[in-house]
Amino acid sequence: MPVTLNTLATKGENGAAMMPIIQGVGRAAVEISYLLRGAVFRDALGEAGAENVQGERQQKIDLLSDEIFLEEMRATGHVCAVGSEEQEALQVIDEYADAEWIVLVDPLDGSSNLDIDGPVGTIFSVVRRKNGAGGRPVEADCLCAGNSVVAAGYVLYGPATMLVCSVGSGVDGFTWHPNDGRFELSHPDIRVPATGGYYSVNESNADKWLDGMGDKLAAMKKATGLGMRYVGSMVADMHRTLLKGGVFLYPADEKNRNGKLRLLYEAIPMGFLVQQAGGKAMTSPTLSVLDVEPEALHQRVPVYLGSASAVDALLGCG
Ligand code: AHG
Ligand code: MN
Ligand code: MN
């Protein structure tokens, strides 16, 4: 018998509590993957004509995916609020405002790839509301450091739709089986290879990087001989990094002085996964992504994620 998402209920101390939420993510993933496949026929591609709180132009699909995700979190009955890259404020789920869990989401990651039918994803994490259960959650309730994350994962909409997640006891990859109509365990216990793989970065920014990152990357390339791959969709780039090894980075630069990627929606969930898979997640040579205390919902941080050996070779922090 294939192993389904139900297996999460048996994992770690929070697996049973996380299973309905991750099943909700799975339902959202199926809906979003259908939306993506038919988008060109439904006039659902292109810009929505609005900017998100971070000043980025929103695509129609960003907003539709956000709606789908919120509704599926509501349907779990276990989530009191959702913090989304696409919404300025925390979205409280009034019917379940007393529930214990808050979900943070990047509903559609890498959406600039849609114009070229390239891979995109959804990234999520689950935290226990910070200031105790009961009452209406507020923004401060979801400003939790990565080391208190209870579950995290991503969906990759590629040739196959995959849901890769962790409830705090390793990382498992499930693939949507189109005939069986469910996610089935295809990549049990993913471990980041200790050596090999690729470095993955938008190297066109190299002359603007801060923190001496240009020289550091050059030294890392010389020391490791790693080749380069870059999709421009963090989910696709991190999926390759988890399976093949190496390092994914988005450093601070003159334009994005705190880096580009969002702490709560991108850096923490991916950092949690990479650490659960035996790799390393840093935001500087001395600070783990998972030790950053969030100060705001839409905060950004530099990220260096991947095999410990490659991250160390890059940052000199081994
Ligand atoms: P999003 O589509 O959610 O805004 O995220 C895009 C992010 C991330 O997926 C990717 O790693 C990065 O932006 C790519 O940025 P560049 O185009 O600057 O390389
Ligand atoms: Mn993103
Ligand atoms: Mn996004």
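Take the sequence shown: its position 171, counted from the start at 1, is 181 in the working numbering, and no numbers get skipped.
Just so it is clear, CB atoms sit at the ideal spot from N, CA and C, and this is done for glycine as well.
Keep in mind that this is a model prediction, so the values were computed, not measured.
Contact under 8 Å by Cβ, residue i with residue j
{"i": "GLY63", "j": "VAL92", "result": "Note on identity: in this sequence residue 63 is Val, with Gly being the wrong assignment. Going by C-beta atoms, VAL63 is not nearer than 8 Å to VAL92."}
{"i": "LEU273", "j": "PRO304", "result": "yes"}
{"i": "LEU271", "j": "ARG310", "result": "yes"}
{"i": "TYR275", "j": "GLU95", "result": "yes"}
{"i": "ILE31", "j": "THR86", "result": "yes"}
{"i": "SER317", "j": "PRO147", "result": "no"}
{"i": "ALA54", "j": "ILE71", "result": "yes"}
{"i": "GLY206", "j": "ALA216", "result": "no"}
{"i": "GLY180", "j": "PRO279", "result": "no"}
{"i": "SER196", "j": "ASP119", "result": "no"}
{"i": "ALA291", "j": "SER298", "result": "yes"}
{"i": "LYS265", "j": "LYS218", "result": "yes"}
{"i": "GLU61", "j": "ARG52", "result": "no"}
{"i": "ALA155", "j": "VAL50", "result": "no"}
{"i": "GLU149", "j": "LEU74", "result": "no"}
{"i": "LEU97", "j": "ASP125", "result": "The sequence shown places Gln at residue 97, not Leu. No, the Cβ-Cβ distance between GLN97 and ASP125 is not below 8 Å."}
Residues near residue i in its chain [Cβ-Cβ closer than 6 Å; skip 5 each side]
{"i": "TYR167", "result": "SER43, LEU46, VAL130"}
{"i": "PHE193", "result": "LEU15, GLY36, LEU173, PHE184, TRP186"}
{"i": "ALA161", "result": "MET28, VAL136, VAL177"}
{"i": "ALA287", "result": "VAL181, ILE200, ARG201, VAL202, LEU252"}
{"i": "MET153", "result": "Going by the sequence as given, residue 153 is Leu instead of Met. PRO304, listed in sequence order."}
{"i": "HIS249", "result": "LEU166"}
{"i": "CYS327", "result": "PRO295"}
{"i": "PRO169", "result": "none"}
{"i": "LYS254", "result": "GLY207"}
{"i": "ALA107", "result": "CYS90, ARG146"}
{"i": "ARG84", "result": "ILE103"}
{"i": "PRO198", "result": "ASP182"}
Beta-carbon contacts of residue i that lie in its chain and below 8 Å, excluding the five residues immediately before and after
{"i": "MET230", "result": "TYR209, LEU236, VAL257, ALA320, ALA323, LEU324"}
{"i": "ASN268", "result": "ALA262, GLN309, ARG310, VAL311, PRO312"}
{"i": "SER121", "result": "GLN69, ILE71, ASP72, VAL130"}
{"i": "TRP111", "result": "ALA27, ILE31, HIS88, VAL89, CYS90, VAL136, VAL137, ARG138, ARG139, VAL160"}
{"i": "ASP247", "result": "SER210, ARG239, TYR240, VAL241, PHE258"}
{"i": "GLU82", "result": "GLY34, VAL35, ARG37, ALA38, GLU41"}
{"i": "GLU23", "result": "GLY178"}
{"i": "GLY48", "result": "ALA54"}
{"i": "LEU300", "result": "ALA155, GLY156, ASN157, VAL159, ILE278, GLY281, PHE282, GLN285, ALA291"}
{"i": "VAL245", "result": "ASP119, GLY120, PRO129, VAL130, GLY131, THR132, ILE133, TYR164, VAL165, LEU166"}
Residue burial classification, residue i (beta-carbon count within 10 angstroms, cutoff 16)
{"i": "THR251", "result": "buried"}
{"i": "SER158", "result": "exposed"}
{"i": "ASP151", "result": "buried"}
{"i": "ALA143", "result": "exposed"}
{"i": "LYS226", "result": "buried"}
{"i": "MET11", "result": "exposed"}
{"i": "GLY65", "result": "exposed"}
{"i": "ALA228", "result": "exposed"}
{"i": "PRO117", "result": "buried"}
{"i": "ILE7", "result": "Outside the shown range of the chain (11 to 328) lies residue 7, about which nothing can therefore be said."}
{"i": "ASN141", "result": "exposed"}
{"i": "GLY191", "result": "exposed"}
{"i": "ASN189", "result": "exposed"}
{"i": "GLY289", "result": "buried"}
{"i": "GLY59", "result": "exposed"}
{"i": "GLY281", "result": "buried"}
Cβ shell of residue i (< 7 Å), same chain only, five flanking positions each side left out
{"i": "ALA39", "result": "THR132, VAL165, THR171, LEU173"}
{"i": "ASP221", "result": "PRO261, ALA262"}
{"i": "LYS21", "result": "VAL177, SER179"}
{"i": "ALA109", "result": "HIS88, VAL89, CYS90"}
{"i": "VAL13", "result": "GLU194, LEU195"}
{"i": "THR234", "result": "ALA320, ALA323"}
{"i": "GLY358", "result": "Only positions 11 to 328 of the chain appear in the structure, and residue 358 is not among them; the question remains open."}
{"i": "THR17", "result": "LEU195"}
Complete runs of the alpha helix (DSSP H) confined to the stretch 206-290 [at least 4 residues]: 223-234, 244-254, 278-286
What are the start and end residues of each continuous alpha helix (DSSP H) run of 4 or more residues lying completely inside the stretch 20-89, in chain order? 25-48, 70-86
Residues proximal to ligand 2 by C-beta, any heavy atom closer than 6 Å: After applying the 6 Å Cβ criterion, the set is ASP116, ASP119, MET244, GLU276.
Those runs of the beta strand (DSSP E) which lie wholly inside the stretch 91-178 and span at least 3 residues: Counting whole runs of 3 or more residues, the stretch 91-178 contains the beta strand (DSSP E) stretches 111-119, 130-138, 161-167, 171-176.
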